[in-house]
Amino acid sequence: MLGVLLALALVADDRHVGAIADGRQMIRTAVAISETGEIGQARGRDFTIERPAGDAVSRFGMGTSLLQVPAAWLAPRIEASRGPGSSQALFLLVPWLAVGVAAFAAGSVARRLGGGHPEVVAAALLASVASPLGSYAQLEFSEPVQAAALAVALAAALAAVESPTPRRGLEMLAGFAAGFAVLVKSSLIVAAPAALLPLVARNDVRRTRGALAWKAIGAIPPLALWVVFELARFGRLFGGYPDDRFTHPWFDGLWRLLVGPNRGLLLFWPALVLFLWAGAKYRGAWLATPGARAWCGALWVLAAQVAVAAGYWGWHGMEGWGPRLVLAAIPLLAPFAALALGPARRAWLAAVVGVCLLVNLPPLLQHPTPVATYEMNLAWPDLAPEEVADYPFYARGIGPAGEPTVVPFARLELEPAANPWRLYLWVWRASQLEGAALSEWLTSPPWAGRLPALVPAERWPPEVARRVVPPARWGFLGRSLTGGGGPFATVDLDALLDQAVRANQLGRTARALELSSRVAELSTGGEAAAWRLESLRRANRGAEAERYLRSLSRERRADPRINVVLALFDRDAGEERRARALLGSVASAFPGAALQDALEAPLDRWPTTLDAMTRSERRDAAVAAPIHR
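Everything in the sequence shown is counted per my numbering, starting at 128 for the first residue and increasing by one.
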């Protein structure tokens, strides 16, 4: 485990934390808990679910957010002393440690099933760096926590049942881990019970009943939390994906998830063959021994995840490396793959581990986030009108002529020329370029010959191209403490600003003043300054706002939101001519926002706040302009 953690720490690049909606929402929930004791986020600033109270909540499971609360508490204290972006690495500690825990649990299962030191090491490697899961140690997603919870559940259940006497602590741990997996991701409710299958011994009914009872006691706390958070956020269970669709042809998703050229598990993890081979020795005695039940449980977890993901519109998982939606099963499969060949064929086992390691090197050398950012900033392909209902709101857009469009992943994941090994190498080569050469390179992705419309809508200026694909650098976990993170390296500041916006939306003036002051002191950006001015305006502190405005640098003052706030100040004072001039001077920066209607409307019909004036639909990882929704 320590070796796995060290290896992953040496290649982690913490610049990109918060650039993708999934992790960003979970971190913002953690910051909300730390700062306010609540779970709400601002409306209209992410792909969140709006609540009647006037704010919004994350769509994602709460387990990872709860684990991120310590990082959320510590982050502003570090940034106060070391500067903006210095806390980035804190939010990678949870996924990094979770991959290590999953590797340790896999090795523990291998040892308990009779494996020697080589098999234990192989199991740990196949569950981490020699699998797609290893790259998720540097992503703020929940997959590592899902994997760790399921692997711990299986390892604890196996250890408990193989003990000559009942081990109530292990039985409770197994139940807690399985329940926590559901708290991390609701759909795991169809997979997590399988990790407890070793506890079901048909030849000892009395002990089995006791084990299941203690398992249930362990599972109650996380499952109760899951119910509470589901009802508090959505008003019902399984409410996190109200607009998601299971519209992809199931059998097409099945083969693509297992052997497809873009996300096939077998290609990313050839050790799958060994796992299936290992099941041969349990033939005819599937539930007779703890080891056989553990193998069946691992297979069930994989099958359940594949069955759910195959028909999902986003079966590919979009961002990240490999078949993201089924990766949590890998640490449960790894120990059986490590044991399949036996002591006499350890050289073959080493070869398989080596192949799996090589196959999964690309995302350790080229961070996955710039790859996803590039894909998201391509021209969104057209979507047939009859297909619009197949995709959720956040995967659809509107083109420049009003035509429906769809997220590029929906087309690229079906194209072999966009396979990740080729794509990651191509992006890595782009990261070595500068200026016009970089801009030119990004106009011709590997699939341009087959999908000529799926390219940037226009050639990006060098500064935009550089934001899409940052320069390559050798990272390590904790490098953010040295500064120089890059354009996205402000996840904690962004989350604090989100809370300041939420406080404004809810009319909580005192909290808005306190949060906006903290953000404005740390941030060098104009958006934070605009929200500080807006908070002062709504608190009727005009003199203080004037002093603050005069203190701003020219760069911060140039943010168009500031003129919107100044226009609102003048509207409040009845200065119509100046208010309209200020609003008109920045109107082009907010296409599609309510501000456009305000240009011709009477002052008393203007939206009353900065948020209401400027809010518009966002697109994840949006960097390049023009952007159409």
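We put the CB at the ideal spot given by N, CA and C, even for glycine.
What three-state label does DSSP hand ARG756 in the structure shown? If you number the sequence shown from 1, residue 756 lands on position 629. Low local confidence applies: a pLDDT of 35 at ARG756 is under 50, so the model's placement there is unreliable, and no value is given.
Return the CA-CA distance between GLY481 and ALA467, expressed in angstroms with no decimal places. One-based indexing of the sequence shown puts residue 481 at position 354. One-based indexing of the sequence shown puts residue 467 at position 340. Their backbone Cα atoms lie some 16 Å apart in a straight line.
What's the C-alpha gap between HIS375 and GLY576? As a working mapping, residue 375 is identified with position 248 in the sequence shown. As a working mapping, residue 576 is identified with position 449 in the sequence shown. The straight-line gap from Cα to Cα measures roughly 26 Å.
Endpoints, the beta strand (DSSP E) within which VAL533 is located: Indexing the sequence shown from 1 puts residue 533 at position 406. Per DSSP, the continuous beta strand (DSSP E) segment holding VAL533 begins and ends at 531–533.
Output the distance between the C-alpha atoms of ALA148 and GLY387, rounded to the nearest integer angstrom. In the sequence shown, counting from the first residue as 1, residue 148 sits at position 21. In the sequence shown, counting from the first residue as 1, residue 387 sits at position 260. Their backbone Cα atoms lie some 26 Å apart in a straight line.
Buried versus exposed, by CB contacts within 10 Å (16 or more), SER678: Counting from one through the sequence shown, the residue named residue 678 turns up at place 551. By the neighbour-count rule (16 or more Cβ atoms within 10 Å), SER678 is not buried but exposed.
Residues near ALA622 by beta carbon distance below 7 Å, same chain, minus five either side: The sequence position of residue 622 within the sequence shown is 495, counting from 1. Leaving aside the five residues that flank ALA622 on each side, the residues in its chain whose CB is nearer than 7 Å to its CB run, in chain order, ILE154, ARG155, VAL158.
Taking the C-alpha atoms as reference points, what is the distance between ALA752 and LEU135? Locating residue 752 in the sequence shown gives position 625, where the first residue counts as 1. Locating residue 135 in the sequence shown gives position 8, where the first residue counts as 1. Residue confidence for ALA752 is low, a pLDDT of 46 falling below 50, so the modelled location carries little weight and cannot support an answer.
Whose CA, out of LEU484, GLY438, SER214, lies closest to the CA of LEU394? For the purposes of this step, residue 394 is taken as the residue at position 267 of the sequence shown. The residue among LEU484, GLY438, SER214 with its C-alpha nearest the C-alpha of LEU394 is LEU484.
My output table needs one value for SER641: the three-state DSSP class, helix, strand or coil. Taking the first residue of the sequence shown as 1, we reach residue 641 at position 514. Correcting the residue type first, residue 641 is Glu in the shown sequence and not Ser. Reduced to three states, the DSSP call for GLU641 is helix.
Would you mind listing the alpha helix (DSSP H) stretches within the segment 342–411 that are 4+ residues and don't spill past its ends, in chain order? The alpha helix (DSSP H) runs lying completely inside the segment 342–411 and spanning 4 residues or more are 377–386, 392–395, 399–405, given in chain order.
Can you tell which of VAL453, TRP475, LEU352, SER192 has its C-alpha closest to the C-alpha of ARG383? Sequence index remark: in the sequence shown, residue 383 carries index 256 (1-based). Nearest C-alpha to ARG383: VAL453.
Counting only runs of 3+ residues fully inside the segment 289–313, write out the beta strand (DSSP E) ranges in chain order. Entirely contained in the segment 289–313, not one beta strand (DSSP E) run reaches 3 residues.
According to DSSP, is ILE195 helix, strand or coil? Walking along the sequence shown from the start, residue 195 turns up at place 68. A small correction: the amino acid at residue 195 is Gln; Ile does not occupy that position in the sequence shown. Note: GLN195 maps to helix in three-state DSSP.
Endpoints, the beta strand (DSSP E) within which ARG523 is located: On the sequence shown, position 396 is the one that residue 523 refers to. Per DSSP, ARG523 belongs to the beta strand (DSSP E) from 523–525.
Same chain only: Cβ atoms within 8 Å of PRO573, ignoring 5 sequence neighbours per side: Here the question's residue 573 lines up with position 446 in the sequence shown. In the same chain as PRO573, and ignoring 5 residues on each side of it, the C-beta atoms closer than 8 Å to its own belong to ALA544, ALA545, ARG549, LEU550, TRP553, in chain order.
Measure the C-alpha to C-alpha separation of GLU425 and PRO179 and round it to an integer number of angstroms. As a working mapping, residue 425 is identified with position 298 in the sequence shown. As a working mapping, residue 179 is identified with position 52 in the sequence shown. Note that residue 425 is Ala in the sequence shown here, rather than Glu. Computed Cα separation, rounded: 41 Å.
With a 10 Å radius around its C-beta and 16 neighbouring C-beta atoms as the bar for buried, classify GLY306 as buried or exposed. Locating residue 306 in the sequence shown gives position 179, counting from the first residue. Label assigned to GLY306: buried.
Determine the DSSP secondary structure at GLU590, reduced to helix, strand or coil. One-based indexing of the sequence shown puts residue 590 at position 463. For GLU590, the secondary structure class from DSSP, reduced to helix, strand or coil, is helix.
Are there any heavy atoms of the ligand NAP lying less than 7 Å away from the beta-carbon of LEU135, as far as the coordinates show? In the structure shown, the ligand NAP is absent, as is every other ligand, since no ligand is present at all.
Compare the beta carbon distance of SER255 and VAL236 with 8 Å and say whether it is the shorter of the two. The residue you call residue 255 lines up with position 128 of the sequence shown. The residue you call residue 236 lines up with position 109 of the sequence shown. Cβ atoms of SER255 and VAL236: not closer than 8 Å.
Would you mind stating whether PRO535 and LEU565 have Cβ atoms separated by less than 8 Å? In the sequence shown, residue 535 corresponds to position 408, counting from 1. In the sequence shown, residue 565 corresponds to position 438, counting from 1. No, the Cβ-Cβ distance between PRO535 and LEU565 is not below 8 Å.
Just the C-alpha distance for HIS755 and GLY469, rounded to the nearest angstrom, thanks. By 1-based counting over the sequence shown, the position of residue 755 is 628. By 1-based counting over the sequence shown, the position of residue 469 is 342. Model confidence at HIS755 stands at a pLDDT of 36, short of 50, so the residue's coordinates are unreliable and nothing is read from them.
Name the two residues that bound the continuous alpha helix (DSSP H) containing SER607. Taking the first residue of the sequence shown as 1, we reach residue 607 at position 480. Per DSSP, SER607 lies in no alpha helix (DSSP H) and is assigned neither H nor E.
State the DSSP-derived secondary structure class of GLU654, mapped to helix, strand or coil. Numbered from 1 along the sequence shown, position 527 holds the residue referred to as residue 654. Under the three-state reduction of DSSP, GLU654 is assigned to helix.
Measuring straight from C-alpha to C-alpha, what distance separates ASP182 and ARG629? The residue you call residue 182 lines up with position 55 of the sequence shown. The residue you call residue 629 lines up with position 502 of the sequence shown. Each residue's Cα considered, the two are about 6 Å apart.
Alpha carbon to alpha carbon, what distance is there between PRO349 and ALA308? Within the sequence shown, the letter at position 181 stands for residue 308. Within the sequence shown, the letter at position 222 stands for residue 349. The straight-line gap from Cα to Cα measures roughly 9 Å.
Give me the Cα-Cα distance between VAL248 and ARG238, rounded to the nearest whole angstrom. By 1-based counting over the sequence shown, the position of residue 248 is 121. By 1-based counting over the sequence shown, the position of residue 238 is 111. Roughly 10 Å separates the two Cα atoms.
Length of the line joining the Cα atoms of GLY602 and LEU492: Within the sequence shown, residue 602 is the residue found at index 475, counting from 1. Within the sequence shown, residue 492 is the residue found at index 365, counting from 1. Using only the alpha carbons, I get a separation of about 9 Å.
Coarse secondary structure for ALA127, derived from DSSP in three states: Look at the range of the chain in this structure, 128 to 756, and you will see that residue 127 is not part of it.
Pop quiz: PHE174 and TYR521 are said to be a contact at Cβ under 8 Å. What is the actual Cβ separation, rounded to whole angstroms? Position 47 of the sequence shown, counted from the start, is the residue given in the question as residue 174. Position 394 of the sequence shown, counted from the start, is the residue given in the question as residue 521. Right, the Cβ-Cβ distance comes to about 4 Å (below 8 Å), so this counts as a contact.
Distance between ALA592 and LEU401 (C-alpha atoms, nearest Å): Indexing the sequence shown from 1 puts residue 401 at position 274. Indexing the sequence shown from 1 puts residue 592 at position 465. Each residue's alpha carbon lies about 43 Å from the other.
Who are the Cβ neighbours of SER571 in its own chain at under 8 Å, not counting the five residues just before and after it? One-based indexing of the sequence shown puts residue 571 at position 444. Here the set comprises VAL582.
Would you say the segment 275–288 touches the segment 317–328, given that touching needs at least three Cβ pairs under 8 Å? Flag = yes, the segment 275–288 and the segment 317–328 touch.
What are the boundary residues of the alpha helix (DSSP H) that includes ASN631? Residue 631 sits at position 504 when you count from the first residue of the sequence shown. First-last of the alpha helix (DSSP H) with ASN631: 618–632.
May I ask which residues mark the beginning and end of the alpha helix (DSSP H) holding LEU137? Along the sequence shown, one-based indexing puts residue 137 at 10. Counting along the chain, the alpha helix (DSSP H) containing LEU137 begins and ends at 129–138.
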